[in-house]
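As they're listed, the protein sequences go chains Z and S. Read in this note's numbering, the first sequence has 351 at position 351, and its numbers run on one by one without any break. Read in this note's numbering, the second sequence has 38 at position 38, and its numbers run on one by one without any break. Below: the structure, in structure tokens.
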Amino acid sequence: MRWLFKQQKKEGKKAETEQYLKKSQDYTQVSYINQVTNKKFTISFITTLIDESILQNDALPFLLEKPLENIEDVKKIVAIADVQISNDESEIEQKLFNGYVLVTLESDNSNFAFLAAQKEIVRNITTPEIEFSVIGPKEAFVESLDQNINLLRKRLPVKELIKKEVTLGTISKTKVAILYLENIANPENVQTLMERIKNVEFDAITDSSYIVQLISDNKNSPFPQLLDTERPDRVAAVLAEGKIAIIVDGSPHALITPTTLVEFFSSFEDYFLNWILSSFFRLIRLFAVAFSILITPIYVATLSYHYELIPKDLLNTLVTSRREIPLPPILEALFLELTIELLREAGARLPTKVGQTIGIVGGIVIGTASVEAGLTSNVLLIIVALAALASFTTPVYKMGNAIRLLRFPFLLFAELWGLLGILICFSFLLTHLIRLTSLNRPFLEPLFPPRVTDMKDALIRLPFNKQSRRPQFMRTKFPFRHTSGTNNQNKDIDE
Amino acid sequence: MKKVQLWSLIIIMIFATGCVEKEILDDVNLETAAGYDYIDKKVRGSALVPVFLPDKTVHNTVFTASSNLSRDFLRDIQRQSSDPIVTGSLEVVLFGEKMAKKGIVDIIDAFQRDASIGTDIYLAVTEGPSKKILEGNYSKRGNAIFISNLIRQNIETKDVPKTNLHLFLSSYYQKGKTAYLPTIRSIGKNKIEISGISLFKGDRVVDTLPAKQMFFFKLLVDNYSKGTFKVDMKTEKAAVESIRSKFKMRLVSRKPLTVGINIKIRAILIEYSGAKVTTKEIKEIEKSLNETIERECTKLIKRFQEKGIDPVGLGHFVKSRTRKFDFKTWEQTGYSNLKVNVKSDVMITESGVIE
């Protein structure tokens, strides 16, 4: 009796699904008669999701002309590899929306077959736009999960590269893949990540950024705690370090976790250049970050409280430039900082060609005009422009945004307590950074806790033969990058 | 509980902001140089405040007030100024001749206590009233910068020994050592020069060395010194530039108390009136230079001993080598009876590009 009830419910599910689907006009249901056995069969599919040429060339001719006695025969006659026979009606909805064609025989109501006929609409692989590099591979991820994993598998052709897939989002049913190298990655990290991803409850996940915000350790921090990248080569490289990658279907950005603060300031191009050059560029970038955050607050603090710190040769320039300005330094600085933020926001929202005009109008016209009108001093204009320029050197876009935001609390503290205020604000920032974790691993590592091995690829990057160990903070299963233990010395033939 | 802590922190922070005094750069008058004169039994203070003009030149304004205390005078000149006068950018402090003879430590005390003033400001004594020096018009960048650059340039590359507020105070408070400051005088309209060294006993000027002797003085008081010096020989004349000098004191004997001073100089020959410079000539120049240095330095030390001043710090040196050193007997008899042997060792390392 109970079994019967269940059966009815299942049947009811199929009927209910069909009833819903019929409301949409891209749902097709056609019945045919097999020419050999005279069996009547029905195919149903969603036209916008399937490739009709597959249906017409590889399925229908065989279904019509080859002997079709029962549902198992479908597997034998059609020229499609992925044919699944099932009797679970609850699968129907999901399979149809994944691009399968449903085949039912009139004589057999409880069993049915699914034929894979997905239409693959994939954007061509293009060059990376956000993390562009002059040297090195020019491939970037696209919006298709399979395509992205294909790019990764080509770079890491080993059986240890494990892919786990989870479907997230009650409405979007987004496929989220987790990739790691089983012989290297710390199982604890994998476990934590799997737990967190499985616990995500949300209706529609349309991009990997959603995942970042849903599984971050501290969701109230302005700092991104998962590194997002559009470069398959970067993902492949960090997988080999023992990190874990998350790829979300429909998103051209893969996520890397656990990550550290310094990783956000390393561009992947650093690894293509000689270690001296890349170390130099990294230091420049770090200097740019410090400069970008601190220079306007220092200007405000010095001019408001610490005139005695100004070198005597600079006094004349500073006083002359501020002589006509009615605003106190803080308002002057806020005015310019907000102008720059407006320009950036306007430039980001507008189409590229109009955006360039905005840059010129904003940079030159507003800047010059405000100096001439006596609203801002030209010294500050230079400082603010330089600070904005410096903030754009951050290789990861999301980190760049966080850096730009940080300037405003610093400005406030500088206005309230001068240089002491900047120091207080810096202590707050440092406390926050020290407490921050990425997948329960310290975010400020290797600076704090100090790890000498990891310093070799942090603020500077030492040559590859000096880096025989994988990053320490993840506690990888196998900490050495190669088994020999020697430092890849070049050997000449006569030695 | 955490929320209470957070909110009380925020509230305290908001109220604490009122405790900080703001000094916005363009809303204050920066005192960049000060001068003190002793006139009519009162201290007359002058403050030089630059006014920065739109064409980046500087107009020098001098505020003057008389009072008995250095700080008092600042309060008086505030009444003449549109913006508050602040002392943080002070570059140089001048003392008039009479003021310097009267004693300057009361005034310097004020600078020492003011946290906004660094100890690397320059002090100098002027011939005549200091106000006259401040009122000149020497450079487009302002008088204070001109005077302080003038002193610095001469310390770094020429014969003026290193001085600033810090070193002055250090020699002043050091037992067995006396202080010295450069002297500045006006030469014609809008021109000044360093005319010599004022030697202090305590905080009073008791002697002034002419510019001619500054080279030897610098050899005695600075460890590393640069400077130029002319040598007169039998027939020819030469000029040498010292590039490096080393000064070393040794206690030679205790009875009678004798101090040996070794001065080692590496120098370049920059001018020679003769036709050719050979090793022989260089030896001669070195020899005559050694003799001059030894003679002049001994003369200087004799002069110090007569006046009872000790800018070289001989007293301090002997004290550091003597157990149970008694300053009273040192001041009464010890210093004047001290024998000092000056030994100089000049080596000319270059005699010109073309040889």
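We put the CB at the ideal spot given by N, CA and C, even for glycine. These numbers were taken from a predicted model, which means no experiment stands behind them.
Query - Cβ contact check for the stretch 196-212 of chain Z and the stretch 106-115 of chain Z: 3 or more pairs under 8 Å - result: Flag = no, the stretch 196-212 of chain Z and the stretch 106-115 of chain Z do not touch.
Query - Contact set between the stretch 109-127 of chain S and chain Z, restricted to residues whose Cβ is under 7 Å from the partner - result: Sequence-ordered contacts of the stretch 109-127 of chain S with chain Z read 116 [C-beta pairs closer than 7 Å].
Requested in this report: Kindly indicate which three-state DSSP category residue 146 (chain S) falls into: helix, strand or coil?
Outcome: Taking the second sequence and counting its residues from 1, the one referred to as residue 146 (chain S) is at position 146. If DSSP states are grouped into helix, strand and coil, residue 146 (chain S) belongs with the helices.
Query raised in the report: Under 9 Å, do residue 417 (chain Z) and residue 307 (chain Z) count as touching if we go by C-beta distance?
Result: Translated into positions along the first sequence, residue 417 (chain Z) becomes position 417. Translated into positions along the first sequence, residue 307 (chain Z) becomes position 307. Against a cut-off of 9 Å, the Cβ pair of residue 307 (chain Z) and residue 417 (chain Z) comes out as no contact.
Query raised in the report: Under 9 Å between C-beta atoms, does residue 319 (chain Z) make it to chain S?
Result: As a first step, residue 319 (chain Z) is located in the first sequence; it is residue number 319 there, counting from the start. Chain S contact via Cβ: present.
Requested in this report: Measure the beta-carbon distance from residue 241 (chain Z) to residue 470 (chain Z) and round it to whole angstroms, keeping in mind my assumption that it falls under 8 Å.
Outcome: On the first sequence, position 241 is the one that residue 241 (chain Z) refers to. On the first sequence, position 470 is the one that residue 470 (chain Z) refers to. Under the criterion of beta carbons closer than 8 Å, residue 241 (chain Z) and residue 470 (chain Z) qualify as touching, at roughly 5 Å.
**Report entry** Under 8 Å (Cβ pairs) to chain Z, residues found in the stretch 80-94 of chain S
**Finding:** Those would be 86, 88, 89 and 91, in chain order.
Query raised in the report: Can the beta-carbon of residue 296 (chain S) be found less than 9 Å from the beta-carbon of residue 346 (chain S)?
Result: Residue mapping note: residue 296 (chain S) aligns to position 296 of the second sequence, counting from 1. Residue mapping note: residue 346 (chain S) aligns to position 346 of the second sequence, counting from 1. No; because the gap between Cβ atoms is not below 9 Å, this pair is not in contact.
Query raised in the report: Exposed or buried, which one is residue 173 (chain S) when buried takes at least 16 other CB atoms within 10 Å?
Result: In the second sequence, residue 173 (chain S) corresponds to position 173, counting from 1. That one is exposed.
Query raised in the report: Does the beta carbon of residue 417 (chain Z) come closer than 9 Å to any beta carbon on chain S?
Result: What you label residue 417 (chain Z) is simply residue 417 of the first sequence in a count that begins at 1. Yes, its Cβ sits closer than 9 Å to a Cβ of chain S.
Report task. Closer than 8 Å by C-beta to residue 237 (chain Z): which residues in its own chain qualify, once you throw out the five before and the five after it? Chain order, please. Result -> The residue given as residue 237 (chain Z) occupies position 237 in the first sequence. Cβ neighbours of residue 237 (chain Z) beyond the five flanking positions: 268 and 271.
Query raised in the report: Roughly how far, in whole angstroms, is the beta-carbon of residue 178 (chain Z) from the beta-carbon of residue 164 (chain Z), given that I think they are within contact range, below 8 Å?
Result: If you number the first sequence from 1, residue 178 (chain Z) lands on position 178. If you number the first sequence from 1, residue 164 (chain Z) lands on position 164. Contact between residue 178 (chain Z) and residue 164 (chain Z) holds, with the beta-carbon distance rounding to 5 Å and staying under 8 Å.
Query raised in the report: Cα-Cα, which of S:308, S:5, S:235 and S:26 is closest to residue 84 (chain S)?
Result: For the purposes of this step, residue 84 (chain S) is taken as residue 84 along the second sequence, with counting starting at 1. It is S:26.
Requested in this report: Give me the Cβ distance between residue 176 (chain S) and residue 316 (chain S), rounded to the nearest whole Å; I'm assuming they're in contact under 8 Å.
Outcome: The residue given as residue 176 (chain S) occupies position 176 in the second sequence. The residue given as residue 316 (chain S) occupies position 316 in the second sequence. About 4 Å separates the two Cβ atoms, so the contact holds.
Report task. Take residue 170 (chain Z) as the anchor and find which of Z:193, Z:185, Z:200 and Z:182 has the nearest alpha-carbon. Result -> For the purposes of this step, residue 170 (chain Z) is identified with residue 170 of the first sequence, where counting begins at 1. Of the listed residues, the one whose Cα sits closest to residue 170 (chain Z) is Z:200.
Query raised in the report: Do we get a CB-CB distance below 9 Å when we pair residue 372 (chain Z) with the residues of chain S?
Result: Translated into positions along the first sequence, residue 372 (chain Z) becomes position 372. No, residue 372 (chain Z) does not count as interfacial toward chain S.
Query raised in the report: What residue does the alpha helix (DSSP H) around residue 455 (chain Z) start on, and which one ends it?
Result: By 1-based counting over the first sequence, the position of residue 455 (chain Z) is 455. Residue range 452-455 is occupied by the alpha helix (DSSP H) that includes residue 455 (chain Z).
Report task. In angstroms with no decimal places, state the Cα-to-Cα distance between residue 33 (chain Z) and residue 111 (chain Z). Result -> Looking up residue 33 (chain Z) in the first sequence gives position 33. Looking up residue 111 (chain Z) in the first sequence gives position 111. Computed Cα separation, rounded: 18 Å.
Requested in this report: Check distances from the C-beta atoms of the stretch 13-29 of chain S to those of chain Z and list, in chain order, the residues that come in under 7 Å.
Outcome: Residues 17, 20, 22, 23, 24, 25, 26 and 28.
Query - Interface positions of the stretch 44-62 of chain S facing chain Z (Cβ-Cβ less than 7 Å), listed along the chain - result: Listed in sequence order: 52, 54, 56 and 58.
Query raised in the report: For residue 113 (chain Z) versus residue 86 (chain Z), is the C-beta distance shorter than 9 Å?
Result: Within the first sequence, numbered from 1, the residue matching residue 113 (chain Z) stands at position 113. Within the first sequence, numbered from 1, the residue matching residue 86 (chain Z) stands at position 86. Contact flag set, yes.
Query - Continuous beta strand (DSSP E) stretch holding residue 347 (chain S): start and end - result: One-based indexing of the second sequence puts residue 347 (chain S) at position 347. Its beta strand (DSSP E) spans residues 339-350.
Query raised in the report: Can you find a C-beta in chain Z that's less than 9 Å from the C-beta of residue 148 (chain S)?
Result: As a working mapping, residue 148 (chain S) is identified with position 148 in the second sequence. Yes, because at least one Cβ of chain Z sits closer than 9 Å to the Cβ of residue 148 (chain S).
Report task. Kindly list, in the order they appear in chain Z, the residues whose Cβ is closer than 7 Å to that of residue 145 (chain S). Result -> For the purposes of this step, residue 145 (chain S) is taken as residue 145 along the second sequence, with counting starting at 1. Neighbours of residue 145 (chain S) on chain Z, chain order: 312.
Query - Within chain S, the residues that residue 427 (chain Z) reaches when beta carbons sit closer than 9 Å - result: Mapped onto the first sequence, residue 427 (chain Z) falls at position 427. Within 9 Å of the CB of residue 427 (chain Z), no CB atom of chain S is found; the nearest one sits about 13 Å away.
Requested in this report: Starting from residue 418 (chain Z), follow the alpha helix (DSSP H) in both directions and report where the run begins and ends.
Outcome: As a position in the first sequence, residue 418 (chain Z) is number 418, starting the count at 1. Under the DSSP assignment, residue 418 (chain Z) falls in the alpha helix (DSSP H) whose first and last residues are 397-435.
Query - DSSP-derived helix/strand/coil call for residue 208 (chain S) - result: Here the question's residue 208 (chain S) lines up with position 208 in the second sequence. Here residue 208 (chain S) sits in strand by DSSP.
Requested in this report: Would you list the one or two residues that DSSP bridges to residue 66 (chain S)?
Outcome: Your numbering for residue 66 (chain S) matches position 66 in the second sequence. Its beta-bridge partners are S:44.
Report task. With 9 Å as the threshold, decide whether the Cβ of residue 172 (chain Z) is near any Cβ in chain S. Result -> On the first sequence, position 172 is the one that residue 172 (chain Z) refers to. Not closer than 9 Å to any Cβ of chain S, the Cβ of residue 172 (chain Z) fails to qualify, so no.
Query - Whole-number beta carbon distance between residue 474 (chain Z) and residue 189 (chain Z), since they are thought to touch under 8 Å - result: The residue labelled residue 189 (chain Z) in the question sits at position 189 within the first sequence. The residue labelled residue 474 (chain Z) in the question sits at position 474 within the first sequence. About 6 Å separates the two Cβ atoms, so the contact holds.
Query raised in the report: Can you find a C-beta in chain S that's less than 9 Å from the C-beta of residue 364 (chain Z)?
Result: As a first step, residue 364 (chain Z) must be located in the first sequence, where it is residue number 364. Under the Cβ distance rule, residue 364 (chain Z) does not count among the residues neighbouring chain S, no pair being separated by less than 9 Å.
**Report entry** Nearest neighbour of residue 91 (chain Z), chosen from Z:16, Z:388 and Z:431 [CA to CA]
**Finding:** Numbered from 1 along the first sequence, position 91 holds the residue referred to as residue 91 (chain Z). The option with the nearest alpha carbon to residue 91 (chain Z) is Z:16.
Report task. Report the three-state DSSP secondary structure of residue 243 (chain S) (helix, strand or coil). Result -> Here residue 243 (chain S) is taken as the residue at index 243 of the second sequence, counted from 1. Residue 243 (chain S): strand per DSSP, three-state reduction.
Query - Three-way DSSP call (helix, strand, coil) for residue 325 (chain Z) in this model - result: The count along the first sequence starts at 1 and reaches residue 325 (chain Z) at position 325. Residue 325 (chain Z): coil per DSSP, three-state reduction.
Query raised in the report: Taking the C-alpha atoms as reference points, what is the distance between residue 73 (chain S) and residue 7 (chain S)?
Result: For the purposes of this step, residue 73 (chain S) is taken as the residue at position 73 of the second sequence. For the purposes of this step, residue 7 (chain S) is taken as the residue at position 7 of the second sequence. Computed Cα separation, rounded: 46 Å.
Query raised in the report: Which of helix, strand or coil does DSSP assign to residue 1 (chain Z)?
Result: Within the first sequence, numbered from 1, the residue matching residue 1 (chain Z) stands at position 1. Note that residue 1 (chain Z) has pLDDT 48, beneath the 50 cutoff, so the model's placement of it is unreliable and no number is given.
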